[in-house]
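J.: Have a look at the structure that comes next, please.
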């Protein structure tokens with residue numbers, strides 16, 4: 007039985023790796039869409055906004071529905087839809103068709119994350135839930151880092167339409183996960199742990215949970231805004247940087263974020279989640295300033311360090327929300343992995359609008375210092391058990 011559980015978990019983790027491979031392709035192709043289709047910064051940013059809002063805002067409700075009914079979306083089908091929508095978007099010369107393809111991919115993402123995370127949470131052994139949760143999260147972060155490099159290589163050697171070949175990993179991966187699911191069949195999670203520990207929430211549980219989600223949303227606003235427009239900033243505002251170099255910079259930046267997640271998750275177990283959350287947000291502020299107040303190697307160092315510290319508190323915030331909302335894992339995951347990223351997507355469109363109005367993308371992007379500074383301030387007010395209290399929990 008343990009082997010069949012592991013097979014299901016492996017399918018969910020593999021699906022997360024695959025589906026998140028396609029999300030960062032959008033920022034890489036934005037500069038080319040602006041040039042080829044004559045889009046404004048606002049319309050270009052709206053592509054990312056439509057994707058993030060559709061895929062993210064709906065996730066808490068999908069997760070809540072799954073928690074109450076036990077019904078989950080098919081992991082391989084979600085992977086297939088997500089890969090097809092993003093990959094084929096580069097073949098469209100019509101803005102509305104582009105938005106429809108991106109929206110379709112977003113639906114696949116929206117259905118995937120609550121379902122896959124519920125599988126990991128329900129089927130992983132109690133002593134290894136944190137480990138499997140970390141592996142699941144990191145798998146998506148790694149592929150999120152690789153995506154821009156693959157897209158950049160394809161664009162450099164085959165032009166924008168060649169990105170459509172990225173649909174193949176999605177097809178192959180979805181088929182492999184479907185085959186494994188057919189072999190294992192439907193598996194009911196072990197319910198003993200749920201009976202032993204009844205979900206208990208404090209009287210005003212929504213205040214600390216709401217604060218965690220708020221800082222997650224503010225973090226996503228700044229982080230998604232930087233990721234969305236950084237390729238455009240490097241390609242169209244800085245001279246001598248080509249698409250491949252830009253893709254490498256973005257990929258290294260996102261890998262720095264992966265290391266930040268791993269380090270933050272490990273240190274939050276040792277020193278407490280709230281402490282890691284606050285310190286990570288504080289460290290991100292000066293690193294963000296380096297991106298826009300310096301040039302050359304200092305600017306690149308700022309990009310890498312900002313990604314590291316902005317991601318440093320990511321796993322801690324997800325785990326904090328799950329702890330504050332016991333018995334509602336899908337809902338909690340939808341809030342942190344979904345709703346907050348949707349806010350980030352809306353923020354991306356606002357930054358694009360500001361760039362059009364101000365006539366300067368760098369100046370508009372620097373406005374993201376506001377949510378970056380608000381994060382550590384609000385994080386200080388989150389009521390959450392200290393490290394010693396966490397250790398005493400069963």
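Numbering (the working numbering), first residue to last: 7 to 400.
For every residue, glycine included, the Cβ atom is placed at its ideal position computed from N, Cα and C.
Taking the beta carbon of residue 47 as the centre, do at least 16 other beta carbons fall within 10 Å, making it buried, or is it exposed?
T.: Looking at its Cβ environment, which holds 16 or more other Cβ atoms inside 10 Å, residue 47 is buried.
J.: Determine the extent of the alpha helix (DSSP H) in which residue 387 is found, giving its start and end residues.
T.: From DSSP, residue 387 is part of no alpha helix (DSSP H); its letter is neither H nor E.
J.: Tell me where the alpha helix (DSSP H) around residue 280 begins and ends.
T.: 279 to 299 is the span of the alpha helix (DSSP H), which, as asked, contains residue 280.
J.: Given a threshold of 16 other Cβ atoms within 10 Å of its Cβ, counted over all protein chains shown, does residue 74 qualify as buried or as exposed?
T.: Flag for residue 74 reads exposed.
J.: Please confirm whether residue 2 and residue 79 have their CB atoms less than 9 Å apart.
T.: Since the first residue of the chain shown is 7 and the last is 400, residue 2 is not available in this structure.
J.: Just curious, the alpha helix (DSSP H) that residue 55 is in, first and last residue?
T.: First-last of the alpha helix (DSSP H) with residue 55: 47 to 58.
J.: Under the three-state reduction of DSSP, which class applies to residue 186: helix, strand or coil?
T.: Residue 186 falls in the helix class under three-state DSSP.
J.: Are the beta-carbon atoms of residue 237 and residue 298 separated by less than 9 Å?
T.: Taking 9 Å as the Cβ cut-off, residue 237 and residue 298 do not qualify as a contacting pair.
J.: Do the CB positions of residue 286 and residue 147 come within less than 9 Å of each other?
T.: Contact flag unset, no.
J.: In angstroms with no decimal places, state the Cα-to-Cα distance between residue 199 and residue 153.
T.: Interpretation of residue 199 is limited by its pLDDT of 44, a score under 50 that renders its predicted location unreliable; the figure taken from the coordinates is listed afterwards. One C-alpha to the other measures close to 38 Å.
J.: Which value, in whole angstroms, describes the spacing of the CA atoms of residue 77 and residue 58?
T.: Going from the Cα of residue 77 to the Cα of residue 58 covers about 23 Å.
J.: So what does DSSP say about residue 154, is it helix, strand or coil?
T.: In the structure shown, residue 154 sits in a helix (DSSP, three-state: H, G or I).
J.: Taking residue 169 as part of the alpha helix (DSSP H), name the residues at either end of that continuous run.
T.: From DSSP, residue 169 is part of no alpha helix (DSSP H); its letter is neither H nor E.
J.: Suppose the cutoff is 7 Å on Cβ atoms and the five residues either side in sequence are ignored; what does the same chain contact list for residue 224 look like?
T.: Cβ neighbours of residue 224 beyond the five flanking positions: 377, 380, 381.
J.: If you count every other CB in all the chains shown that lies within 10 Å of the CB of residue 248, and 16 or more means buried, which is it?
T.: With fewer than 16 Cβ atoms within 10 Å of its Cβ, residue 248 is classed as exposed.
J.: Use the C-beta contact count for residue 163: other C-beta atoms within 10 angstroms, 16 or more gives buried, fewer gives exposed.
T.: When all chains shown are included, residue 163 counts as exposed.
J.: Just to confirm my understanding: we take residue 229, look at its own chain, exclude 5 residues before and 5 after, and list those with CB closer than 6 Å. What are they?
T.: Here the set comprises 316.
J.: Using the Cβ count rule (16 or more neighbours within 10 Å means buried), how would you classify residue 294?
T.: It counts as buried.
J.: Checking 9 Å against the spacing of the C-beta atoms, do residue 104 and residue 39 come in under that value?
T.: Cβ atoms of residue 104 and residue 39: closer than 9 Å.
J.: Beta carbon of residue 28, beta carbon of residue 89: below 9 Å?
T.: Cβ distance < 9 Å, so residue 28 and residue 89 count as in contact.
J.: So, is residue 374 buried or exposed, given that buried needs 16 or more other C-beta atoms within 10 angstroms?
T.: Classification of residue 374: buried, given that the 10 Å Cβ count is 16 or more.
J.: Looking only at its chain, what residues have a beta carbon closer than 8 Å to the beta carbon of residue 94, apart from the 5 residues adjacent to it on each side?
T.: Excluding residues within five positions, the ones whose Cβ falls inside 8 Å are 107, 170, 173.
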